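A.B. asks: Sharing a structure below in structure tokens format, with a few things to ask.
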Ligand SMILES: Cc1cc2nc3c(=O)[nH]c(=O)nc-3n(C[C@H](O)[C@H](O)[C@H](O)COP(=O)(O)O)c2cc1C
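Numbering (this note's numbering), first residue to last: 1 to 186.
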């Protein structure tokens, strides 16, 4: 049975779009920008994948897209989030998911994190100011720590300037999940 997939992405500085395009090269899917998303369009597809960024601890645009999905007749919702953090596992990431998704959503929605980076050059002015402030707070708190970990030092180095840690390997868990679901459908 065919699983028609639409991948809707919300991208401000290009990382999520880049991941969306990497995924679209590997699977048969329609790419769509967040701005054009509607429940009518979603209803034409069996699966909706939503890709977006982490934004001050939140999943940017999630509420709107989830509501549109719930109004649609599409059957499956999959989520991926890109961010500045290099960690693909651990307590911080677990806390991020549980702050944003209910227990029911955590169980029901396959969710994936993809390390991306920061691009100060393409950030909006409010985002740039927010990020500079967050970087200063983070740097101060790291400075105060008596035992700095390797990770603290890496964050300290990275956060004030642009960097790109996106990599094709980070889309693999999502692709494996989709392959498995397709195999289950046929
Ligand atoms: C104001 C602001 C807040 C951010 N907050 C987080 C965050 O809480 N966690 C994280 O990992 N990355 C955070 N980031 C980094 C973005 O999630 C990251 O750069 C993302 O890949 C951007 O995606 P885009 O290029 O598709 O917009 C933040 C970036 C900005 C500008």
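A virtual CB, placed ideally from N, CA and C, is assigned to each residue, including glycine. Being a predicted model, the structure only gives us computed values, none of them experimental.
Measure the C-alpha to C-alpha separation of residue 140 and residue 172 and round it to an integer number of angstroms.
C.D. replies: 36 Å
A.B. asks: Which stretch, first to last residue, makes up the beta strand (DSSP E) that contains residue 82?
C.D. replies: 76-83
A.B. asks: Once you ignore the five residues that flank residue 78 on each side, which residues in its own chain have a CB closer than 6 Å to its CB?
C.D. replies: Excluding positions up to five away in sequence, the list reads 49 and 110.
A.B. asks: Residue 52 lies in the alpha helix (DSSP H); which residues open and close that run?
C.D. replies: Per DSSP, residue 52 belongs to no alpha helix (DSSP H); it is in the beta strand (DSSP E), 47-55.
A.B. asks: Helix, strand or coil for residue 88, going by three-state DSSP, please let me know.
C.D. replies: coil
A.B. asks: Counting only runs of 4+ residues fully inside the segment 88-125, write out the alpha helix (DSSP H) ranges in chain order.
C.D. replies: 91-100 and 103-108
A.B. asks: Return the residue from the list 95, 58, 177 and 69 that minimises the CA-CA distance to residue 82.
C.D. replies: 58
A.B. asks: Say yes only if the C-beta of residue 69 is nearer than 6 Å to one or more non-hydrogen atoms of ligand 1, and no if none qualify.
C.D. replies: no
A.B. asks: Could you tell me the distance, in whole angstroms, from the CA atom of residue 151 to the CA atom of residue 27?
C.D. replies: 34 Å
A.B. asks: Does the separation of the CB atoms of residue 6 and residue 36 fall below 7 Å?
C.D. replies: No; because the gap between Cβ atoms is not below 7 Å, this pair is not in contact.
A.B. asks: Would you tell me roughly how many angstroms separate the C-alpha atoms of residue 11 and residue 145, rounded to the nearest one?
C.D. replies: 34 Å
A.B. asks: Exposed or buried, which one is residue 157 when buried takes at least 16 other CB atoms within 10 Å?
C.D. replies: exposed
A.B. asks: In angstroms with no decimal places, state the Cα-to-Cα distance between residue 148 and residue 155.
C.D. replies: 11 Å
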